[in-house]
Structures are given as structure tokens and as C-alpha cells.
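A.B. asks: Structure below; questions to follow.
Number of protein chains: 4
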Amino acid sequence: MDRERQQKAELLQRTIKHVDITAHDTRALIAAFQEMSFSARELGRACEIFERMLRDPDCTIILTVAGSTSAAGCMQVYVDMIRHNMVDVVVATGATVVDMDFFEALGFSHYRGSQFADDSMLRAHYVDRIYDTYIDEEELQHCDRAIKEIADALPPKPYSSRAFIREMGRWLVANPGCAAKKASLVQSAFEQGVPIFCPAFSDSSAGFGLVAHQVERPNDHLTIDSVADFRELTELKMQAKDSGLLIVGGGSPKNFAQDTVVCAEILGHDVPMHKYSIQITVADVRDGACSSSSLKEAGSWGKVDASAEQMVFAEATLALPLLAAYGYHNGSWRDRPKRRLARLLTRD
Amino acid sequence: MDRERQQKAELLQRTIKHVDITAHDTRALIAAFQEMSFSARELGRACEIFERMLRDPDCTIILTVAGSTSAAGCMQVYVDMIRHNMVDVVVATGATVVDMDFFEALGFSHYRGSQFADDSMLRAHYVDRIYDTYIDEEELQHCDRAIKEIADALPPKPYSSRAFIREMGRWLVANPGCAAKKASLVQSAFEQGVPIFCPAFSDSSAGFGLVAHQVERPNDHLTIDSVADFRELTELKMQAKDSGLLIVGGGSPKNFAQDTVVCAEILGHDVPMHKYSIQITVADVRDGACSSSSLKEAGSWGKVDASAEQMVFAEATLALPLLAAYGYHNGSWRDRPKRRLARLLTRD
Amino acid sequence: MDRERQQKAELLQRTIKHVDITAHDTRALIAAFQEMSFSARELGRACEIFERMLRDPDCTIILTVAGSTSAAGCMQVYVDMIRHNMVDVVVATGATVVDMDFFEALGFSHYRGSQFADDSMLRAHYVDRIYDTYIDEEELQHCDRAIKEIADALPPKPYSSRAFIREMGRWLVANPGCAAKKASLVQSAFEQGVPIFCPAFSDSSAGFGLVAHQVERPNDHLTIDSVADFRELTELKMQAKDSGLLIVGGGSPKNFAQDTVVCAEILGHDVPMHKYSIQITVADVRDGACSSSSLKEAGSWGKVDASAEQMVFAEATLALPLLAAYGYHNGSWRDRPKRRLARLLTRD
Amino acid sequence: MDRERQQKAELLQRTIKHVDITAHDTRALIAAFQEMSFSARELGRACEIFERMLRDPDCTIILTVAGSTSAAGCMQVYVDMIRHNMVDVVVATGATVVDMDFFEALGFSHYRGSQFADDSMLRAHYVDRIYDTYIDEEELQHCDRAIKEIADALPPKPYSSRAFIREMGRWLVANPGCAAKKASLVQSAFEQGVPIFCPAFSDSSAGFGLVAHQVERPNDHLTIDSVADFRELTELKMQAKDSGLLIVGGGSPKNFAQDTVVCAEILGHDVPMHKYSIQITVADVRDGACSSSSLKEAGSWGKVDASAEQMVFAEATLALPLLAAYGYHNGSWRDRPKRRLARLLTRD
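As you go down the protein sequences, you meet chains A, B, C and D in turn.
Mapping the first sequence onto the working numbering, position 10 (from 1) lands on 10, and the numbers just tick up by one.
Mapping the second sequence onto the working numbering, position 99 (from 1) lands on 99, and the numbers just tick up by one.
Mapping the third sequence onto the working numbering, position 114 (from 1) lands on 114, and the numbers just tick up by one.
Mapping the fourth sequence onto the working numbering, position 280 (from 1) lands on 280, and the numbers just tick up by one.
Here it is, written out as C-alpha cells:
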């Protein structure tokens, strides 16, 4: 018993530290990359487009996040972009928002592990693996329960994921004893009025907690209306003069955010395409999936403007900190109008 | 004007034909692949595991589909697997089910195009591109409107995507004039009692129609409860003695289907891991995302049994027809118990 | 001791069997692929171009092979293409020709293993691993020694790799006791007069044997003149009216074969670009390397004609047998003029 | 005419600038990466291993380069590693050494272009494309001719590529009027006594010049003996106490450098495996090729020591400057013994 505890403790001893973009001024390096070729230049041009987004007073910036970068050390990048007014809306996977961020908000950590570990050994210790990163599954279950607790306390009606995530932020603020890490994405977004959408919200730890909530209260439970998410995000797109996309990974957040242009059109509104767009991904275009599809292809759908788009071929933990630090140290965010878009969608 | 019509017609003259697995007996080729190495052997072993799923009377088979394979010529593969009792549940992206299948059900087609086309020219013609495949955007808007029409006619309450897709199937049966292609996935699944889930349903043409429905009826509209999807799929997992996953692509369908094991556990039920699992993907494990994560990694989470899992490194249009035809021509589906799982979830 | 022997025997019990394209008629399947999208259509179009090459009486067909497909079960595909007059010249890596083919000619085998094996355990048993394929290193050393034996018996002068590989073929014919497998690539090419070039010949088991040869005879040894290879291959290109490339993998064989057009130009000869070209690879264009570079890019260099080129995104063990079988069963090779290009380069 | 000149000049107006690692101190960023996951941590660990190589007084460091990183802005990285005693031997492709570096030594440049350019238009202008990088083909032919000139002036006998590249360096020093860029890789390596090997030397602009040399002098020409390369590199490995590999890309340089361990063994010398090894590549292990093969796999062959190996999943223009700058700014190279290995192989 003790021996097993000991072994598990050894597996989980090296925590992931999130990179701090405010501590690394990458401007000179990016300037050098801009005069090279291949991925270096792609990243260099993406930085230039990102800077244009930040300087454009009419541009609402939408960050989309899929994949596990936030577990892998980029969570603080996202938080800093929210805190320093570099992002107005977030569209993410449930895992990013709940299993990774809300989980860390509760005081838990991710751990540096190995992709070569024996998964049956990990299973025996209730250690979950994401490539070379470990999670304590027993801790993850606290996260599920917190979600259920939040749901249990809310009026039983349909919520967009955005509205529910806002309640998660409110709960963290109201329960400082539970919010062991104040600078979580969910709490920071709540405080800064940045809405977070999860187009596949139940596909995460949130889902576990919410299913438990519904099963326990068959006639008296809240629901997560995914149509409301799309409607709300489209509203934000319609209210923006222009918009820019910063896409990390791909997945349903990418598709969802891109689609708002078409949705507005279907509602009879003539909105411009996303004026700027950047995607960081290693997905290969030849599989024909949305994640890997080029931003030029999105131009054929009328979703993004092909004149200011850039794909960056890199696993995001390498490229995103360089790009976000570039934007941070350039400082254009200081002059950006603060949008607090959450206010457009709620009355509190 | 006429000239533009002509140009558009030239772009859209070569329709995609869906491959017919019943016409290609791949058993001898797969047997040869099983004695080779690399992807050939991976596919060979996946076929062997698929055959074990089909022969195991206790195994509920869950097909998950992400990406655009159904636009690209694999739609009939999925339909044939449903019709020949090779699949009991489908979890897919909204695009697969609505933009691609329901769209073809209405009589529209996908077209063979080129990934080298000029996207601004395509845009000018309202031709949407998926890699080397074209879609007529004007036709796609019919699809959005049909979804709205279905929604408008339903009682305004929360629906799981599964329940709504069932209504789409019912509508096709009830409106044979609209269902130009009878052998659609949605209609076939309705007829065979195979439930289809979309964990990110609004992230598609369905979303467009449903947002229009909600906007038009602010106080009197249906909602899509994504929690209900997860709850229902977990119920199916709990009622199955064993289960197997056939994962095409990755994305939220993969995560969703895998997660049912953990969800059941959280509800206090001790269910076995998915006993068999196969994934066909070109995603690279090194980006740490769910789509690319190995099935062995899923073993660390207790989601899949590592003793019968196989990743196949191939773009699915090449590998899936070979695998599905192998299963079809072996004929074990003839003796499989017919589950009609839709009945467990609905009372009609 | 015995126990170790036993363990090694267990590792090496399942031999790779090479796929027999004459036994699998893939024409109907390829016809179906031609009406789909993505990789299926890419392979379909590649088959069409391959057929055009085979039917064009003026087209010299150059097969280039990099990677380990011949160890992995495609060796017989290459042999059958030589024997059935589907290929006139081969450019390959040293590993393909010596470590894999000549090795099997001597009676040794490759084995089906696992990419998840413990490499230090394999090392302890002198088992070499290529992804999921095993080789007995003790057997490989026989191969090195045979190369040395051949070199020791030849007049000490510069040889192109082509000339040396021809001597390897002659040795196999002259020593039937050593040539346990008559249908090797080296022997078949010798018999059919098909020249084989290795632009990096020493980078293989051949290198081991030849270095030993040179070290033992410091003043009396043969050399491998890589310039002669390029000169000879360019001569063949100059004598051909037209040419087509079938590129498996990429690497130096791809570059070498493409470059002959430019080399001829530098020698003052105006030769046409390679008229047809096909490449099967999973390499990603975004790394800017030659292996992954598109055939369209080669068009900018004047190396290949962009009007009949096709990249196929697939690991070759899956796609090559389908393509080669398509060409075989179409039967156009029956009417192709037999070139026996080796005769142009040697006087024996 | 003038108009065409003008258009070509517009295509070739933005030169590639090579990144200067001495100007970017990446130590703090790498320290942050070491506490993250995925590629960031892989790069972090690679840096740590690189630092160990640099501090180990017994370790000969072998740099291998394949791909086009030197055209793309990393040439100065390689030069700085040579000049600051961070590398003792280079194994590279002919393109890296001749078409890219020697070409720039002659005063020519690479240009920032676009991967979306029309290749037939480029062809019409004699502009060659490497992904998003342009080359003036007319300039490249000067390079071929310089190689021929060097060959014409040398005694006609077999040379290793190493010996010939040394003569290229000597020629640059002796003809300062031709060596427009003094800090070329070839000249720096000559000056610092660092041997450069090209296992497929003729597969490049060198090949064009050398074929022309041989064709012009059928009975009186030099040859490039690829066996001598392998013999010489193995000698260097045998004379080193320990060795480390820094592998950029993969290709024949990777295989060649790894193989020296086995070659020494075959010559009857018991040399240690490469003690440290790092590879930066985006190649996917699942294709079973040498370029993508893991360093752990190389452990099964007894080539590299698995205890200090690290694969880094990144396109090299992004990752290599960070790694090389880390090594540079740590400064351990100041205390490294200077090997000047060229002296072991030549008498001048």
C-alpha cells in the first residue's frame, strides 16, 4: 500500500510550469525569423498578422484552442492574453477549459511524464497520460464533482456552454477557498468579461459532472444548449466591425469560430469575413479534415479573408509562446479598446 | 451571367461516387497485408480485430467518424455497415451527418475538384472546397432550411442530438419527395434503429438551421442538450456487455465514445473498458491532442483494453473501404444479434 | 545460453512474406477510387498515369526506392515489375539493394516484430529493428562478407555502383549455392538487363564490406565512383526519347533521378523533362526537404512535366501493391519494347 | 525582354538572411521549455543533452544535415557552430554543401518566395523553388562551373567527398576574388580543420560539375570514392573516445554517421555507441524509413546509446536556432579541446 503510494508519488513529482510570456521578449528573434524561410518565416508572418490584429481598433480577436497545450505549459499564455486585453473571445474544447484549467484552478497540477511509460502500470496507479504528461485521476474526479456542485446550485434551464462557464468563474470568485489558483483561465475570463465557448462542452470532465447532475435530478436539471452557443458567438461576430482568429490546434473550436460568418449570412446579416486569421498546427492538409484544412480553403467558403491569413507548421508549445510574447512585448494591447463582450450576452 | 453559370457548371460536373464495399472482396489482399509490415500489417491486424468484434455476440460496435470521408466517397461504406448490421451506434461530427449525408439525402452531390484551385475564383462562384472536393453552397443552404423546417415542426423542448437526428430520419421517411436518395445514412440509421450522436451538433449546417429556428422563435424553440447525448451514449455503454470502437479520424467523436467508460464509472457503474478498438488516422501522436493520441494511451485512462487495439496510419479513404469490405465479405454480420439500440432510448 | 537462443528464435519466428501482385487484381477497386476524393483519388490518378507510362512506347520508366518497403513486404513487387518489363531502370538506397534484397538472396529473411519492443532487449539478442520489422544481425554480417568477397575478386579500379551491383548479380548467377532465393531483385535485374543505381551506395551493408575490402588492401582495391553513377544515369536519360518516374519514398534516389534532366542540359544536351511522375510518400511538404517536395515544385526546376504528375499521400506498403497490381493486370507491359539498358552501359 | 528581366528581379528581391545565434540568448526560454511538455520539453531536453556533449572533453561532435535548412536561413548557425568549436565533423547532403553554401560563398543568394507560386511561371524565369524559397538557376550554373574548374585543376585520382570538399575550401581561400562571402561553411570548415563528408556527393550541383569534368576528360579525370568517405568517417569514430550526434533532418547523412559504429565493429574494433544523440525532424516514424526512425530504434542496432537521446518534433528552422543559441550562450565551447580532425585525414 505504502509502496504503491510511494510509486505514484514518484510518477507525479515534476509539475508542469506554465511559460510566462511577460518574461521572454521574443521580438528580435521573430524579426530574424521573418527574413528566413519555412516554419520560421511562417511564424514570423503570423506574428506580423497578430500585431495587425492587435493594432486594429475595429478588430474583435477570437482565440480558439483545441488539443492539450494548456496542460502542457501554455495555460498562462492564454491567461496573459486575456489579462492583457489581447483576446476578446475564447472558443475551446471542454478538456482545455474544464479538465485542464478549472482543474488547476482547484489547486491540482499536471506532471511531466514520459510517452514511453507502460500504460498498464499507469492505469494501476490511476495516473492518466496525455502524451508525455501525467494527471492524477483521483484529482480529476474532484473536478467532476465541483462541476456537479455548480450545476446543482443553478436554476434548471438551458444554458449555453458560455453561460455555464461564466457560472464556473463566478463560483471560483465566490469560493476563494476552492480557487487555489486565482489566475485560472476561467476566473480571469470571468473577471475580464471575456466569454468562453465550448462547442462540444459535454465532451470533457464537465460532461461527467453534468451527466451525474442530470441522472440525479431526472426532472429538475439544467441542460447545455449547443445551439445557444452558436447563436451567441454569431451575435458577437455580428456586433464586431471586424474580427481576427488565432487558432491553436484545430478541431471543433476552429470550425465553430469560422462558421459564424456563414451563420450571420443565413440570419440575413451581411458581415465581413474574418479579416485576419492564424493557425498553428501540425495537421496535414492531405487528410481533408477541418483541423488540417488551409485558411485559403476557408476563403472558398467565404469564412476568412485570404489576404491576411497564415498557417504555422509547428506543435503549438514551441510556436505559441514565441508569438504571444511577441504580441505582449510590442505592447499594442495597451491601446486596444477593452470590449468586455460578456456584458453583451448577460445582464449581470 | 450565362457565362458564370457555365463556368460553375464546369466546376461541378464530376460527382463523387461512393465506393461500394459489397463489390470488392478484399479478403485475399488483407491476408497478404497481414504477413507484411508497416501500414499494410497495421491494416491487416485492424481487420482481424474488426472481425473479432463482429463475431463477438456480446460486443456493441460503435463507429465514430470525424473528417470529411463521407463527402469523399465513403458514405456508402457507413450506410452498408449499418444496413448489414456491422455497426450498432454512430458518433459523428455534424458535418458528416448533416452537411454531407443529409445534404445528399436531399438529392445534392459532392464533386471531384482540385486542391490547387484558386479559392477566390471558387468563392466568386459560391463553390465551397474541402481539399479536392467541391460543394455548391447554394445547395447547402437548402440543407440549412430543411433543418429549420424540421425544428419548427417539433415540440419546443431539449433534444439530444441523437433525438433530433432521429427526427431528421423520420422526416426523410415521411417526405419521400424530399428524400431523393433513399439510402442516406440518416434514413438508413432511422430504419435500422441505429442511434447517431453528434457531440458538437451545432458545429455544422444543423447549427445554421437551428440558430435560425431559435432566432425566429425567441420564446418557443427547441434546444440541443449536449449533456443528454453523453448521458444516453453512456447508458448504451452500460447496457452493453462488451463494446468495440471503430474510429475514423479522431476529433470529438473519438473522445466522446471513449469517455463513456469513465462516465459510467462516475455514475457508480462498473463497466468494462472498450474491449476492441481500431483507429484510422494520419494524425501525429507528437502533438499531444486527442485525435492523435494512441489507443495505448487511452489504456492509461482505463478507456480501452490495450490487448485488442490497433492504430492504422492511413488516410481513411484508402484504408476504410478495404477494412469494411473485409468485414462485409467475411459475412460474420449475418449471425450478429440485431441490437436496434434506438429503441432503448425512445418510445416510438 | 540455450535459453537465449530460444528467446531469439521466438523473436524471429514470423517471416515477412512479400505480396504477390499477380495474385490480386485491383483494377475494379482502383476504378472506384478514381471517382472518390483525397488519397483514394490520388492513388487512382497515379494508376492512370502509371498506365500511360506503360503504354507509351517511347517512355523509359525509372523506379526510385527509398525507405524500407522492400524489407516490409514489397520486394516481390519490385522484382515483378522488373520481370514483367514494367521498369527499365532502378535507383535505390544501398539498404534496399544490399541489406534487404541481396540479404534475402543469400537465403535470409526479415521478420514481423513490434515497434513497441524494448530495444535494449533486442540489442542483447543481436536483433535489429526497422519500425515493426526484425533482422538477425548475425545474418546481416554474412551479407557484408559476401560483398567483400565479391570486391576482392574484381579488378581494382573505379566502379559505378551500377557496375558493382551488376557484379553482385553475376556472382549470384555464378554461385547458385549462395543464391538461395533466385528471384532476388539483384539477380532478376541482372538477368533482365535492368541497371540498378545507388547514389549513396556505401551508406549500407555494401559500405561495410567495401570498407573492409579497402582496409585489407590499402594499395590494391576497387573504388565506387559516385560521379560515374550520375554520368551513366544521365546517359540513359539522354538516350531515352521520354521518361517517367515512379518514386517510392524520396531521399537521394528521388533527387538523383530528377536531376538527370538538368545534368543533360549542363552537358549541352536538350532533353525533355520527365514526362510522367508519381511519388508515394507521407513526407510533409512543409519541411522544405527534397523527399517531401512536390512534383510541381520540381516543375520549377525543369525536372518534371507538371501535366502528368501525381503525389500519393500514403505509406507505400498500402498503396504500392495496389498500383503495381493495377499496372500488372492491365497487361500493357506485354507490348512494351524491352530495353535491356544494362547493355548500353557494359560490354558483357 | 526588359519586362521579363524586371519580373524576374521582382521575384528575387527579398534575400534570405541567416539567423545569427550569437545575437539571441535563448537560455531563459529553453529553461522554461524544460518544465513544459510536448515539443517544448523535447527541445528543452535536447538542449540539455547538447550541453552535455559540449562539456564532455572526450566527445567528438558530429553534425549531420539533410534538407534545405541552410538555404532557409540556418547556414550561419552551422558556420557559427564550426567557428566556435561546437562541432568537430559535418556530414551533409551535397545540396547543403554545394548548391546552398558554396553557392553563397560565390556571392549568390537565396530569396524569400512563396510556396503558392505558379511553377510554370517560375520555370519561364529560370527561378528554382524550394518550398517558399527561390534560387536563380542562372547563378546556380556558375556554381556547377566552379566545381568543374576545381576538379580540372586537381590530380586525377579517387577522392573522398571529404577530400574534394577540402579542395573546395582551399580554392576559396586561394581565390579571394571568387569567395565573395568569406564566412561560408566550406571555407570556415577548411580554416578550422573540420572535415565535411557528403555520402551522396554527386547528388547535387557538385555532380553536375564533376560529370562535366569526367565527360570532357574521359581518360584523365578524378573520381569520388564513396567507400573512402565511409572508411574515413569510421576512422574518426575509432579515434574518438566518445561521440555525439546532432542530426538535422535525416536522410543519408543520418544513416551514414550512425553506421560508423557498426563499421568499426566489422573492422574488428570495439568502439562505444554514439553516447549522445539528438534529431530534429518532422518525419513520421510510421513510414519505417531511416529518416523518421527513432533514436531508440537505433539502439537496437547498437548505434546510439539510448540513455542520452532525444528526438525533437519540429521543422528545423524553428528549433535549431534556439538549440544552437542555447549552446553558444552557455559558453562551454570555450573550454572544449579543439580537435581539427581534418589533420588526421590529410597531410597538408
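From the three backbone atoms N, C-alpha and C, an ideal C-beta is built for every residue, glycine too.
Kindly confirm or deny that the stretch 299 to 312 of chain A and the stretch 55 to 63 of chain A touch, where touching means at least three C-beta pairs closer than 8 Å.
C.D. replies: Verdict: no, contact absent.
A.B. asks: Under the assumption that B/Gly-67 contacts A/Ala-200 (Cβ atoms under 8 Å), give the Cβ distance between them as a whole number of angstroms.
C.D. replies: Indexing the second sequence from 1 puts residue 67 of chain B at position 67. Indexing the first sequence from 1 puts residue 200 of chain A at position 200. Incorrect: roughly 15 Å between the Cβ atoms, too far for contact.
A.B. asks: Taking 8 Å as the CB-CB cut-off, is D/Ile-130 touching chain C?
C.D. replies: Counting from one through the fourth sequence, the residue named residue 130 of chain D turns up at place 130. True, the Cβ-Cβ gap to chain C drops below 8 Å.
A.B. asks: Counting beta carbon pairs with one atom in the stretch 141 to 152 of chain D and one in the stretch 9 to 26 of chain D, are three or more of them shorter than 8 Å?
C.D. replies: In short, these stretches do not touch, since the Cβ pair count stays below three.
A.B. asks: Among residues of its own chain, excluding the 5 on either side of C/Asp-284, which ones have a beta-carbon nearer than 7 Å to its beta-carbon?
C.D. replies: To locate residue 284 of chain C, count along the third sequence from 1; it is residue 284. Result list for C/Asp-284: Ser-292, in chain order.
A.B. asks: Check the DSSP bridge columns for C/Phe-197 and list the partner residues they point to.
C.D. replies: Residue 197 of chain C sits at position 197 when you count from the first residue of the third sequence. Partner(s): C/Val-91.
A.B. asks: Once DSSP output is grouped into helix, strand and coil, what is the label at D/Gly-209?
C.D. replies: As a first step, residue 209 of chain D must be located in the fourth sequence, where it is residue number 209. Three-state result, D/Gly-209: helix.
A.B. asks: Given 8 Å as the limit, is there contact between the stretch 62 to 76 of chain D and the stretch 312 to 321 of chain D, that is, 3 or more CB pairs closer than that?
C.D. replies: These segments touch.
A.B. asks: Determine the burial state of A/Arg-340: buried for a count of at least 16 other Cβ atoms within 10 Å of its Cβ, exposed for fewer.
C.D. replies: On the first sequence, position 340 is the one that residue 340 of chain A refers to. That one is exposed.
A.B. asks: Quick check on A/Lys-142: does DSSP put it in helix, strand or coil?
C.D. replies: By one-based count along the first sequence, residue 142 of chain A stands at place 142. Sequence inspection shows His at residue 142 of chain A; the Lys mentioned does not correspond to that position. It is helical.
A.B. asks: Could you tell me which uninterrupted beta strand (DSSP E) segments, each at least 3 residues in length, are contained entirely in the stretch 31 to 113 of chain B, listed from first to last along the chain?
C.D. replies: Taking only runs of at least 3 residues, the beta strand (DSSP E) segments lying wholly in the stretch 31 to 113 of chain B are 59 to 65 and 89 to 92.
A.B. asks: Between the stretch 215 to 229 of chain D and the stretch 261 to 272 of chain D, do three or more beta carbon pairs fall short of 8 Å?
C.D. replies: Because the criterion of three Cβ pairs below 8 Å is not met, the stretch 215 to 229 of chain D and the stretch 261 to 272 of chain D do not touch.
A.B. asks: Could you work out which residues of chain D lie near C/Trp-171, taking near to mean beta carbons separated by less than 8 Å?
C.D. replies: Counted from its first residue, the third sequence places residue 171 of chain C at position 171. Within 8 Å Cβ-Cβ: nothing; C/Trp-171 doesn't reach chain D, min ~18 Å.
A.B. asks: Which class does C/Asp-203 belong to by DSSP, given the choice of helix, strand or coil?
C.D. replies: Here residue 203 of chain C refers to the residue found at position 203 when the third sequence is read from its first residue. Looking at C/Asp-203 - three-state DSSP - the assignment turns out to be coil, as it is neither helix nor strand.
A.B. asks: At a cut of 8 Å, does the stretch 97 to 111 of chain A reach the stretch 70 to 90 of chain D through at least three beta carbon pairs?
C.D. replies: Flag = no, the stretch 97 to 111 of chain A and the stretch 70 to 90 of chain D do not touch.
A.B. asks: In the stretch 33 to 47 of chain A, which residues sit with their C-beta less than 9 Å from some C-beta in chain C, listed in chain order?
C.D. replies: Answer set for the stretch 33 to 47 of chain A: Ser-37, Phe-38, Ser-39 and Glu-42.
A.B. asks: May I ask you to list, following chain order, the residues of the stretch 223 to 251 of chain D that have a beta carbon less than 9 Å from some beta carbon of chain C?
C.D. replies: Here the close residues are Thr-223, Ile-224, Asp-225, Ser-226, Val-227, Ala-228, Asp-229, Phe-230, Arg-231, Thr-234, Gly-249, Gly-250 and Gly-251.
A.B. asks: Going by C-alpha distance, which of B/Leu-267, B/Ile-278 and B/Ala-324 is nearest B/Gln-76?
C.D. replies: Taking the second sequence and counting its residues from 1, the one referred to as residue 76 of chain B is at position 76. Comparing Cα-Cα distances from B/Gln-76 to each of B/Leu-267, B/Ile-278 and B/Ala-324, the minimum goes to B/Ala-324.
A.B. asks: Could you please tell me which residues of the stretch 300 to 313 of chain B, in chain order, have their CB closer than 7 Å to any CB of chain A?
C.D. replies: Of all residues in the stretch 300 to 313 of chain B, Ser-300, Trp-301, Gly-302 and Ala-306 have a Cβ within less than 7 Å of some Cβ in chain A.
A.B. asks: Can you tell me whether A/Leu-245 is buried or exposed? The criterion is at least 16 other CB atoms within 10 Å of its CB, across all chains shown.
C.D. replies: Here the question's residue 245 of chain A lines up with position 245 in the first sequence. Counting Cβ neighbours within 10 Å, A/Leu-245 comes out buried, since at least 16 surround it.
A.B. asks: Which residues in chain A sit within 9 Å of D/Ala-92, going by Cβ to Cβ distance?
C.D. replies: Taking the first residue of the fourth sequence as position 1, residue 92 of chain D is located at position 92. Here the premise fails: no neighbours, minimum Cβ distance about 17 Å.
A.B. asks: Does the beta-carbon distance from C/His-329 to C/Arg-27 come in below 8 Å?
C.D. replies: In the third sequence, the residue the question calls residue 329 of chain C occupies position 329. In the third sequence, the residue the question calls residue 27 of chain C occupies position 27. In contact: C/His-329 and C/Arg-27 (Cβ atoms closer than 8 Å).
A.B. asks: Count the other C-beta atoms from every protein chain shown that fall within 10 angstroms of the C-beta of B/Glu-4, then say buried if there are 16 or more, exposed otherwise.
C.D. replies: The count along the second sequence starts at 1 and reaches residue 4 of chain B at position 4. When all chains shown are included, B/Glu-4 counts as exposed.
A.B. asks: Report yes or no: do three or more beta-carbon pairs, one from the stretch 81 to 94 of chain A and one from the stretch 112 to 132 of chain A, lie closer than 8 Å?
C.D. replies: With a cut-off of 8 Å, the stretch 112 to 132 of chain A and the stretch 81 to 94 of chain A do not count as touching, because too few Cβ pairs lie within range.
A.B. asks: So, is the C-beta of C/Val-215 closer than 8 Å to a C-beta in chain D?
C.D. replies: As a position in the third sequence, residue 215 of chain C is number 215, starting the count at 1. Yes, C/Val-215 counts as interfacial toward chain D.
A.B. asks: Do C/Gly-249 and C/Thr-281 come within 8 Å of each other at the CB atom, strictly closer than that value?
C.D. replies: For the purposes of this step, residue 281 of chain C is identified with residue 281 of the third sequence, where counting begins at 1. For the purposes of this step, residue 249 of chain C is identified with residue 249 of the third sequence, where counting begins at 1. Yes. Within cutoff.
A.B. asks: Got a sec, what are the start and stop residues for the beta strand (DSSP E) B/Glu-350 sits in?
C.D. replies: Summary: the structure shown does not reach residue 350 of chain B, with chain B confined to residues 1 through 348, and so no result is reported for it.
A.B. asks: So with CB distances below 8 Å, who are the chain D contacts of B/Arg-123?
C.D. replies: The count along the second sequence starts at 1 and reaches residue 123 of chain B at position 123. Going along chain D, no residue has its Cβ under 8 Å from B/Arg-123, so there is no contact; the nearest lies around 16 Å.
A.B. asks: Would you decide whether B/Phe-164 is buried or exposed? Buried here means 16 or more other CB atoms lie within 10 Å of its CB.
C.D. replies: Numbered from 1 along the second sequence, position 164 holds the residue referred to as residue 164 of chain B. The residue is buried, with at least 16 neighbouring Cβ atoms inside 10 Å.
A.B. asks: Tell me, please, which residues DSSP counts as bridged to B/Leu-246.
C.D. replies: Here residue 246 of chain B is taken as the residue at index 246 of the second sequence, counted from 1. Paired residues: B/Leu-63 and B/Ile-278.
A.B. asks: Of the choices A/Tyr-134, A/Lys-182, A/Val-211 and A/Gly-177, whose alpha-carbon is the least far from that of A/Asp-152?
C.D. replies: As a first step, residue 152 of chain A must be located in the first sequence, where it is residue number 152. Residue A/Val-211 is the option with its Cα nearest to A/Asp-152.
A.B. asks: Would you mind sorting A/Pro-337 into buried or exposed? The rule is 16 or more other CB atoms within 10 Å of its CB.
C.D. replies: Stepping through the first sequence from its first residue, residue 337 of chain A is reached at position 337. A/Pro-337 should be labelled exposed.
A.B. asks: Between the Cα of D/Arg-231 and those of D/Asp-220, D/Ser-243, D/Val-262 and D/Phe-208, spot the shortest distance and give me the residue it belongs to.
C.D. replies: Translated into positions along the fourth sequence, residue 231 of chain D becomes position 231. Closest by alpha carbon: D/Val-262.
A.B. asks: Which residues of chain C have a Cβ atom closer than 9 Å to the Cβ of B/Gly-73, listed in chain order?
C.D. replies: In the second sequence, counting from the first residue as 1, residue 73 of chain B sits at position 73. Correct list: Ala-32, Phe-33, Glu-35, Met-36, Ser-37, Phe-38, Ala-40 and Arg-41.
A.B. asks: Which residues of chain C have a Cβ atom closer than 8 Å to the Cβ of B/Ala-319, listed in chain order?
C.D. replies: Against the second sequence, residue 319 of chain B aligns to sequence position 319. Correct list: Leu-318.
A.B. asks: Can you pull the chain D residues whose beta carbon is under 8 Å from the beta carbon of A/Ala-23, in chain order?
C.D. replies: Taking the first sequence and counting its residues from 1, one reaches residue 23 of chain A at position 23. Simply Ala-28 and Ala-32.
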